[in-house]
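In the UniProt record's numbering, the protein residues as written are 1 to 403.
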Amino acid sequence: MDMASYRASSQRRVKTPAEEVADMDDLLTEILRRLPTKTLLQFKLVSKQWLSLISSPEFSISHTRFLLNEGLLKPSALFLDVIYKQPPTKFVFLPLNRDTKQLPLLDFMNAPDIKIMQSCTGLLLCTCDYGNQNYFICNPVIKKFKMISLPRPPMLEYQLVGVNLAFDPRKSPYYKIISIWQEVFLEKDEENNCLRHMTSNFSMDIYSSETDSWSVSKIKFTSEVAIQFDHAVFLNGAIHWDSTARESLYFDVGTECLMPMPMPKLRRRYSGPRYFGESGGYLHLAVGRKPAWRLIFRVYELIENYSRWFIMYRVDFEAEMQSFNLIPPYRNYNLFCLTVLCDENKGDSVVAVLESGMTLYYNLRDEEMEVMEVRTDGPKANNYLFDRARFRCCEYFETLARV
Numbered sequence: 001m002d003m004a005s006y007r008a009s010s011q012r013r014v015k016t017p018a019e020e021v022a023d024m025d026d027l028l029t030e031i032l033r034r035l036p037t038k039t040l041l042q043f044k045l046v047s048k049q050w051l052s053l054i055s056s057p058e059f060s061i062s063h064t065r066f067l068l069n070e071g072l073l074k075p076s077a078l079f080l081d082v083i084y085k086q087p088p089t090k091f092v093f094l095p096l097n098r099d100t101k102q103l104p105l106l107d108f109m110n111a112p113d114i115k116i117m118q119s120c121t122g123l124l125l126c127t128c129d130y131g132n133q134n135y136f137i138c139n140p141v142i143k144k145f146k147m148i149s150l151p152r153p154p155m156l157e158y159q160l161v162g163v164n165l166a167f168d169p170r171k172s173p174y175y176k177i178i179s180i181w182q183e184v185f186l187e188k189d190e191e192n193n194c195l196r197h198m199t200s201n202f203s204m205d206i207y208s209s210e211t212d213s214w215s216v217s218k219i220k221f222t223s224e225v226a227i228q229f230d231h232a233v234f235l236n237g238a239i240h241w242d243s244t245a246r247e248s249l250y251f252d253v254g255t256e257c258l259m260p261m262p263m264p265k266l267r268r269r270y271s272g273p274r275y276f277g278e279s280g281g282y283l284h285l286a287v288g289r290k291p292a293w294r295l296i297f298r299v300y301e302l303i304e305n306y307s308r309w310f311i312m313y314r315v316d317f318e319a320e321m322q323s324f325n326l327i328p329p330y331r332n333y334n335l336f337c338l339t340v341l342c343d344e345n346k347g348d349s350v351v352a353v354l355e356s357g358m359t360l361y362y363n364l365r366d367e368e369m370e371v372m373e374v375r376t377d378g379p380k381a382n383n384y385l386f387d388r389a390r391f392r393c394c395e396y397f398e399t400l401a402r403v
C-alpha cells in the first residue's frame, strides 16, 4: 500500500454501531415498530431519516398491525363528554392507565361544536354542527384530519339517520364511512301544510378512503323495527347497530351484505340506561334496571356466530357503594357514563361514572370496586343529556393511523 492510499484509509471515519443500524432500514423498521406510539413521536426528532421513516404510510400501518397482533393495543382513556363548544378544548376523560395524564386537543381541526361520534382503532369520526353539518376523520395523536362531505340526496325525500366508521388496519390501511338515509313520505293536510312521514325504506352510501369517493345508494333495504343507526359498533369487519326490538341488523363491510342480528329478550324492569359497545373482541350490551338511579345492571355478550346473547355478569353497584358508605341521601345521583372493559390479564370490568364525577371501577373477576374522581365540570351540552338511555363512551387509542 502506497502512502496516499494509507492516508486515505486512515482518514475514513469508522461508523458507530448505531450508525450502522440506522443505515439498515429494514432492521431499523423492525426495531422501531415494537416501540410505544408516544416513544415514536419523540424519536421523530432524532434525525430526518427517522422522521421520514416513522411518518411514512408503510410504517404507520406496520406499527399498528404489530400492536394489534401482539395484543398491545389497548385503550388508554375513555372520552366521557363528547361535545366541545370552542377550540382549543380540554377533554373530559377517564384515564385507564397511570401514563395517561392528558389527551391531545382537537384544536388542530379549527372547528367549533365538535362531537365525537365513534372511535375505531385510533381514528375518530367527528361532526361539526357549525353552519352546514360536516364530518371529519381525525387522529389526535398525529394531529391530522380530513373533512368528509356527504353526498346530498333530495332533502325532501330522505333524512340522514346515521353516519358510521369502519376501519380494520389488520386487513387494509384504508377506512370506509357509511351514511344511512331513511325515505320520507310527504303529504299535505286539509290546510295545505306539508307533513313528513318516515317510511321503512332506507338507502346506504359508502365512502372509501382508498378512492376518496362515494358509492351513492349502494345498498337499499327495508326495516320495520326501530334501529339506532346513529350509534354503531365496528367489530370483526362488520358494523353493528343497537335496537330495543328483538332483532337488529349488522353490515359486513367486506361483502357489503346486511344480516339480521338477534337482540336479548329483556325483562320489563330492565329497560333503563343501556350501553352497547365492544371490548376484547366481543359485542356487549349492558342494561340497567328502572328507575335509572338503581345502578343495577345485567351485562350480555353476543356469541360469535350471532345465534344468541347470554348473561355475562350481574352487577349491583348499590351493594358495593353501601360497603363504601357512598350511598348519598335520596339517591340524588345521575349516571353519566357506563362502559364494559375486557382484559385478559386484569379481568373484565364495568366502569360507571356518575354526574358528580364519582367513578366506580368494578372488577368482575376479583369482585372488587375502586372509587375514583373525574372532573365532569366541562361543557354540560353533551349527548348524554339528550339521550340518557344510551351512553356513547368512546375509547381513545394511541396509534399512528393515517387519515
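C-beta: ideal position from N, C-alpha, C; glycine also. Because the structure is a prediction, the values reported are computed rather than measured.
Contact between Ile114 and Leu123 does not hold, since their C-beta atoms are separated by about 15 Å, which reaches or exceeds 8 Å. Contact annotation: Lys220 and Glu256 have beta-carbon atoms that are not nearer than 8 Å.
The Cβ neighbour count for Arg314, taken over all protein chains shown within 10 Å, is under 16; the residue is labelled exposed. Leaving aside the five residues that flank Ser209 on each side, the residues in its chain whose CB is nearer than 6 Å to its CB run, in chain order, Tyr174 and Tyr175. If you draw a straight line from the Cα of Asn139 to the Cα of Ala401, it comes to about 7 Å. Runs of the beta strand (DSSP E) spanning 3 or more residues and lying entirely within the stretch 265-308 occur at 274-279, 282-288 and 296-302, in chain order.
Sequence-distant Cβ neighbours of Leu258 in its own chain, meaning closer than 6 Å and more than five residues away, are Phe221, Leu249 and Phe251. The continuous alpha helix (DSSP H) containing Leu68 extends over residues Pro57 to Asn69. For Ser323, there is no enclosing beta strand (DSSP E); the residue is found in the alpha helix (DSSP H) stretching over Phe317 to Ser323.
Per DSSP, Gln42 is one residue of the alpha helix (DSSP H) stretching across Thr37 to Phe43. One alpha carbon belongs to Arg267, the other to Thr244, and they sit about 12 Å apart. Two segments are said to touch when three or more pairs of C-beta atoms, one from each, lie closer than 8 Å; by this definition the stretch 90-99 touches the stretch 64-82.
Short of 6 Å from the beta carbon of Leu150, and not among the five residues preceding or following it, lie these beta carbons of its own chain, in chain order: Ser179. One Cα belongs to Ala166, the other to Phe276, and the distance between them is close to 17 Å. Comparing alpha carbon positions, the residue from Val92, Arg365 and Arg33 closest to Thr64 is Arg33.
Using a Cβ distance threshold of 8 Å, Leu68 and Arg170 count as a contacting pair.
Under DSSP, Val351 takes part in a beta bridge, and its partners are Thr339 and Tyr361.
For Glu30, the enclosing alpha helix (DSSP H) has its first and last residue at Asp25 to Leu32. Counting of Cβ neighbours within 10 angstroms places Met24 among the exposed residues, the total staying below 16. Shown here for Gly254: same chain residues with a beta carbon closer than 6 Å to its own, the five before and five after excluded, namely Gly237 in chain order.
The DSSP-derived three-state label of Ser52 is helix. Pro17 sits in a helix when the DSSP states are folded into three classes.
Leaving aside the five residues that flank Glu224 on each side, the residues in its chain whose CB is nearer than 8 Å to its CB run, in chain order, Ser200.
Beta-bridge annotation (DSSP): Val371 is paired with Leu360.
Going by C-alpha positions, Leu354 is about 44 Å away from Trp50. For Phe229, the CB contacts under 6 Å within the same chain, skipping 5 residues up- and downstream, are Val161, Gly162, Ile180 and Trp241 in chain order.
Shortest Cα-Cα distance from Asn305 to any of Cys394, Pro57, Tyr282 and Glu368 involves Tyr282.
For Lys218, the enclosing beta strand (DSSP E) stretches over residues Ser213 to Thr222.
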